[in-house]
Amino acid sequence: MGPPSAGDVRDAADRTRDRATATTTRRPRDGDRRRRVRGSVALADDARRRRAREADAGLPVELPDRHPADARAGVGLRSTPPERRNGLDAVTPRPDEFEHEAAGAEFDVTPDPLARLAAEATEPETGVGPAEMDVSRRAPPRRLPDLTTGPIRSGVMLLALPVLGEQLLNAGVAWNDTYLAGHLGAVATAAVGFGAYISWLISLLFSLVGIGATAIIARAVGAGRTRDADEAANQAMTLAVLLALAAIVGMYWLAPPLVRLLGLSASAGPLATRFIRIDLVGYVPESLTFVGAACLRGAGDTRTPMKIMAAVNVINVLATWGLTFGWGPLPELGAVGIAWGTVTARLLGGVLMTIILLRGRGGLRMSTDLLWPHGNWMRRILRIGLPASIDSAIMWSGHFVFLAILTRAPTRWPDDVMFAAHIVGIRIESLSYLPALAWSVAASTMVGQNLGAGNPRRALAAAREARNQAVGLLLLTGSLFFFGAETLFRFLSADPRVIECGVPALRGLAFVQPFVATLIVYLGALRGAGDTTVPMLFTVLGFAGLRIPIAYLGGVVLEGGLVGVWSGMYVDLVARAALMAWRLRSGRWQHARV
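Here it is in structure tokens:
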């Protein structure tokens, strides 16, 4: 039998391609990539031996002048013919091949054009065009950990600790604002505190997008669908900006009626309105920062949002102090300087997040082609995020009614003192709430990615591990609340009446900290699975059935002061924690559609 011809080589490549197409229809994951590279090397060796035999027999061998990978990239024909040695090309490896290898992506290792062509023929048909292939194969600048394998405890910690750092920085900014307002008087504390509640309302609007994007991206990354994750991130950013623009228009006109509805004093009301309207300037950059961070967390990158927020918070503190007291050339604006300092920091955050996502991070990249509104993607995001947003809106509305009860409860203090004590107490309470939120984010990402990978048991184990770690941390903060309540209040307020009013309520809150951890972490786990409707119903029950009635009973009817009003919060937190634990144990969240 004579040596095989070039046609035999092409026929063998066709048969290899047919077998690969019949057995592989999905985009390869890491293990498949390693097998693909080994298979490509074997095929290259086989093709090289066959072509050597052809050359020895004097048979003509057809060599393409255009590299297949260059053809896909749109590179023109080579200007000079390849050097030939005994019928073989002396092909110099291209630099981009080593870049792909370093990034852990697929690359072509076959050493000559015909073998390259045969190896390319073995790639499965994906049904996507060149642009989609480029996006799907793009390796992130920093390789993210695989959250679907390995130890769960360290995986949870790896996700939670950067978020904890970010949340503590956020708490530091909130404490900074309260500290500045507290040393300007009870009127400034009440006005800035009400402005903070409005800012919270706007952040809940952005969570409508962020929660949906996190669930979809985490599920897509777990299943290896990187193209879907990229599209979801871009559509989420577009939707966030549209909502921010709507919020600017709406809140400009709603600010005065909301202030009047709450019943702030004649001194605090106008200042609160002015604070809110200044804050409007930062809504669009805040939306970019908030939703961009949610997208990155869904992809498993919690470090980048922490770094961005670190820069934002440093600028926030410096700008608020400088504008409040008039450092150097800056004007002395008083309480209004707190609002302008916050806006300055938000502008920085929006710019940083946009630059990072345009360059690509965590496997995600902003692209003008993908930012144009797409109805199907936006409906998917809203279908998951809307129940969670309604949940948050109900919670905010409940807090608003809660504040209205607080301002109308009989008290021996002047009008703004109990309200200021409540604001300071909530700031202190964030020392436990924000760390619990960090483990909630970890649970959300772990649950979403493991459900996407088809491993619900590991998803459940991750949720429980996150809860256990959060409970241990909040037991420490509970001890701090009980034994250090007076010291904490003295740090944030110089008014002895505010301190005397708020310390007993904070000590009562210390006893419910384990329930706070359970509630927040399990809520994050359910949202990561896409199960957002049932938790929304739990929130309605907790606020309408427990928190508001008990707060009214304890604060207005029984005249229990701040402790009487907060008693409704204590009961609500315990009850909803039990309901979240029951929902997680039922397992129905594992079948939620995203």
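Here the numbering used here is used: the first residue of the sequence shown is 20, the next is one more, and so on. Every residue gets a Cβ at the ideal spot worked out from N, C-alpha and C, and that includes glycine.
Going by DSSP, name the residue or residues bridged to residue i.
| i | result |
| --- | --- |
| Arg380 | Leu383 |
Out of the options, which has the shortest C-alpha to C-alpha gap to residue i?
| i | options | result |
| --- | --- | --- |
| Thr496 | Arg509, Leu538, Ser451, Ala482 | Ser451 |
| Leu3 | Pro568, Ala544, Ala489, Met555 | Any property of residue 3 remains undetermined from this structure, which presents the chain solely from 20 to 613. |
| Arg384 | Ile518, Ala248, Glu305 | Ala248 |
| Phe508 | Gly444, Gly583, Arg546 | Gly444 |
| Gly549 | Glu519, Gly521, Leu603 | Leu603 |
| Ala209 | Ser512, Ala313, Thr373, Arg172 | Ser512 |
| Arg526 | Val575, Thr537, Tyr589 | Tyr589 |
| Gly547 | Ser173, Ala312, Leu470 | Leu470 |
| Leu542 | Val575, Arg378, Val553 | Val553 |
| Leu3 | Val228, Leu183, Gln186 | Only positions 20 to 613 of the chain appear in the structure, and residue 3 is not among them; the question remains open. |
| Phe534 | Ala563, Ile569, Leu492, Tyr571 | Leu492 |
| Ala457 | Gln609, His202, Ala313, Ser222 | Ala313 |
| Glu185 | Val331, Arg279, Ser173 | Val331 |
| Tyr571 | Gln609, Phe502, Arg427, Met555 | Arg427 |
| Arg398 | Pro523, His202, Leu258, Ala563 | Leu258 |
| Ala536 | Arg486, Gly353, Ile267, Pro429 | Arg486 |
| Leu187 | Met325, Leu342, Ala266 | Met325 |
| Glu250 | Pro275, Ser386, Ile569 | Ser386 |
| Gly580 | Ser222, Leu545, Cys520 | Cys520 |
| Asp410 | Leu545, Val268, Ile447, Pro170 | Leu545 |
| Val300 | Ala285, Gly191, Ser218 | Ser218 |
| Ala354 | Ala200, Ala287, Pro568, Leu494 | Ala200 |
| Arg431 | Arg516, Leu349, Phe501 | Arg516 |
| Ala524 | Leu177, Leu223, Leu371, Ile447 | Ile447 |
If you draw a straight line from the C-alpha of residue i to the C-alpha of residue j, how long is it?
| i | j | result |
| --- | --- | --- |
| Ala252 | Gly241 | 15 Å |
| Leu565 | Gly587 | 6 Å |
| Gly473 | Thr167 | 9 Å |
| Arg53 | Gly467 | In this prediction, Arg53 has a pLDDT of 48, which is less than 50 and means its spatial position is unreliable; what the coordinates show is noted afterwards. Straight-line Cα distance between these residues: approximately 26 Å. |
| Ile334 | Leu367 | 8 Å |
| Ala124 | Ala255 | Residue placement at Ala124 is flagged as unreliable, the pLDDT there being 35, under the threshold of 50; a coordinate-derived value is accordingly withheld. |
| Ile518 | Ala205 | 12 Å |
| Val303 | Ile230 | 18 Å |
| Leu315 | Thr233 | 8 Å |
| Leu479 | Leu538 | 15 Å |
| Pro454 | Thr308 | 20 Å |
| Ala504 | Leu528 | 10 Å |
| Leu261 | Arg402 | 17 Å |
| Leu133 | Ile374 | Confidence at Leu133 is low in this model, with a pLDDT of 39, below 50, so its placement is unreliable and the value that follows should be read with caution. Taking the straight line from one Cα to the other gives about 42 Å. |
| Leu598 | Ala440 | 30 Å |
| Trp608 | Gly311 | 26 Å |
| Phe557 | His393 | 32 Å |
| Val460 | Glu484 | 13 Å |
| Ala266 | Tyr216 | 15 Å |
| Thr638 | Gly212 | Nothing in the structure corresponds to residue 638, since the chain is present only between 20 and 613. |
| Asn189 | Val575 | 33 Å |
| Leu352 | Gly345 | 7 Å |
| Ala285 | Leu277 | 14 Å |
| Ala462 | Val540 | 7 Å |
| Gly282 | Asp435 | 10 Å |
| Ala407 | Leu592 | 17 Å |
| Trp601 | Leu177 | 27 Å |
| Val175 | Leu183 | 12 Å |
| Leu494 | Ile171 | 22 Å |
If you count every other CB in all the chains shown that lies within 10 Å of the CB of residue i, and 16 or more means buried, which is it?
| i | result |
| --- | --- |
| Asn395 | exposed |
| Asp388 | exposed |
| Ser605 | exposed |
| Glu578 | exposed |
| Val362 | buried |
| Gly214 | buried |
| Thr245 | buried |
| Trp391 | exposed |
| Thr506 | exposed |
| Leu280 | exposed |
| Ser498 | exposed |
| Ala329 | exposed |
| Leu377 | exposed |
| Glu169 | Reading off the sequence, residue 169 comes out as Gly, not Glu. Answer is exposed; the Cβ neighbour count stays below 16. |
| Ser173 | exposed |
| Leu264 | exposed |
| Gly269 | exposed |
Consider the Cβ of residue i: report whether some Cβ of chain C lies at a distance smaller than 8 Å.
| i | result |
| --- | --- |
| Gly579 | In the displayed structure, chain C is absent; only one protein chain is listed. |
Open item on the list: Count Cβ pairs between the stretch 291 to 306 and the stretch 344 to 364 that sit closer than 8 Å; are there 3 or more?
Closed with: These segments touch.
Open item on the list: Three Cβ pairs or more, each shorter than 8 Å: is that satisfied between the stretch 227 to 241 and the stretch 315 to 331?
Closed with: Contact between the stretch 227 to 241 and the stretch 315 to 331 is present, because at least three Cβ pairs lie under 8 Å.
TODO: Flag this pair as touching only if the stretch 189 to 201 and the stretch 335 to 355 have three or more C-beta atom pairs under 8 Å; answer yes or no.
DONE: When Cβ pairs closer than 8 Å are counted between the two stretches, the stretch 189 to 201 is seen to touch the stretch 335 to 355, the count reaching three or more.
Task: Touching by the beta-carbon criterion (3+ pairs, under 8 Å), the stretch 568 to 585 and the stretch 417 to 427 - done: Segments in contact, yes.
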